[in-house]
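Asker: Mapping of the sequence shown onto the numbering used here: position 92 corresponds to residue 288, and the numbering continues sequentially without gaps.
C-beta: ideal position from N, C-alpha, C; glycine also.
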Amino acid sequence: MDAITLINEKHQKIDEHKCASGFAIFLIEHIQKKTKEDKDIFENLLKFILKLMDIYKIKTVNFIEAFLILETINLTIIRAHPIEEWILVIFHFINGNIKDHNLKFIIESLKLDHIEITNVTASFYMNKKNIKLTEKNMKRVITLLSHVVRRSSRIKIFNEINSDVKPKEYNTNDQILGSCWHPMDSDEIPK
197 MDAITLINEK HQKIDEHKCA SGFAIFLIEH IQKKTKEDKD IFENLLKFIL
247 KLMDIYKIKT VNFIEAFLIL ETINLTIIRA HPIEEWILVI FHFINGNIKD
297 HNLKFIIESL KLDHIEITNV TASFYMNKKN IKLTEKNMKR VITLLSHVVR
347 RSSRIKIFNE INSDVKPKEY NTNDQILGSC WHPMDSDEIP K
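Take a look at the structure:
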């Protein structure tokens, strides 16, 4: 665990939101075998991961651990169950057991299937191998994250919608809407 923390301190440029985006892209491309152009799948998976970040207070180190754990499990076993259940079980294993989260409440709040979670949990514990926390492995995952990830405007918009305090004027770069998009305030709408 100390090796992960040291590597994480060396690479502070990768924050949790970048990791969430990169993790979603990795899961879609390598585990689900879908293209990242399918924006609905990406956005739904990213929203799910961001919800788990709020519940479990997931940090960059936890994403690195999740990558390494997923590598130890056979892909055919992972593909036998929905990816959302796998993500929940892995992050509950990493952080949930420590912080004593009520898994039943989390499953109900995320509207997941209890039986599927039970099957995924059994598959996880039967097939998970010990991860090797070497500096080489950590650097490889950090490199993967930094190459795959760019902080997308979707994350910024999601955070701004969920924050209580919004600045009066803010710019958001969005490829679809143009380079500088100004949302209208409700009091500025013409009548």
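Comparing alpha-carbon positions, which option in Gln228, Lys230, Asn258, Phe320 lies nearest Lys214?
Answerer: Cα-wise, what sits closest to Lys214 is Asn258.
Asker: Put Ile274 into one of helix, strand or coil per three-state DSSP.
Answerer: Correct three-state label for Ile274: helix.
Asker: Given that a residue counts as buried once 16 or more other Cβ atoms are within 10 Å of its Cβ, and exposed if not, what is Ser305?
Answerer: It is exposed - the Cβ of Ser305 has fewer than 16 other Cβ atoms within 10 Å.
Asker: Using CA atoms only, rank isn't needed, just tell me which of Phe301, Thr268, Asp309 is closest to Glu281.
Answerer: For Glu281, the nearest C-alpha among the options comes from Asp309.
Asker: How far does the alpha helix (DSSP H) with Thr314 in it reach, from first residue to last?
Answerer: That run of the alpha helix (DSSP H) goes 310–323.
Asker: Given a cut-off of 8 Å on the beta-carbon distance, is the pair Ile227 and Ile237 in contact?
Answerer: No, these two residues do not count as a Cβ contact at 8 Å.
Asker: Near Val285, which residues of its chain fall below 8 Å by C-beta distance, leaving aside the five closest residues on each side in sequence?
Answerer: Counting only Cβ-Cβ distances below 8 Å, and skipping sequence neighbours, we find Ile313, Val316, Thr317, Phe320.
Asker: DSSP state of Arg347, grouped into three classes?
Answerer: Because the pLDDT at Arg347 is just 42, under 50, the model does not fix this residue reliably, and the point stays unresolved.
Asker: So is Ile290 buried or exposed if we call it buried at 16+ other beta carbons inside 10 Å?
Answerer: Ile290 is buried by the Cβ-count criterion.
Asker: CB-CB under 7 Å to Asp360, same chain, minus the five flanking residues each way: which ones, in chain order?
Answerer: Unreliable positioning characterises Asp360 in this predicted model, as indicated by a pLDDT of 49, which lies under 50. A coordinate reading is not provided.
Asker: Using the C-alpha atoms, what's the distance from Ala220 back to Ile302?
Answerer: If I take the Cα positions, the gap works out to 20 Å.
Asker: If you compare alpha carbons, which of Lys230, Ile265, Thr330, Ile251 is closest to Met322?
Answerer: Comparing Cα positions, the closest option is Ile265.
Asker: If I measure Cβ to Cβ from Ile254 and keep anything under 7 Å in the same chain, skipping five residues before and after, which residues do I get?
Answerer: Here the set comprises Glu212, Leu248, Phe287, Asn291.
Asker: Let me confirm a value: Ala262 is counted as buried when at least 16 other C-beta atoms fall within 10 Å, else exposed. Which label applies?
Answerer: Its Cβ being crowded by 16 or more others within 10 Å, Ala262 is buried.
Asker: Mapping the DSSP letters down to three states, classify Asp398 as helix, strand or coil.
Answerer: Past the boundaries of the shown model lies residue 398; the chain is included only from 197 to 387, so the question cannot be answered.
Asker: From Leu299, Val337, Thr330, Asn326, pick the residue whose C-alpha is nearest to that of Ile251; which is it?
Answerer: For the residues Leu299, Val337, Thr330, Asn326, the minimum Cα distance to Ile251 belongs to Leu299.
Asker: So what's Ile269 in DSSP terms, helix, strand or just coil?
Answerer: In this structure, Ile269 counts as coil in the three-state DSSP scheme.
Asker: Could you tell me the alpha carbon to alpha carbon distance between Ile274 and Ile327, rounded to whole angstroms?
Answerer: Whole-angstrom Cα-Cα distance: 17 Å.
Asker: For Glu239 and His277, what's the separation of their Cα atoms in angstroms?
Answerer: Approximately 20 Å between the Cα atoms of the pair.
Asker: For Ile260 versus Met334, is the C-beta distance shorter than 8 Å?
Answerer: A contact, by the Cβ cut-off of 8 Å.
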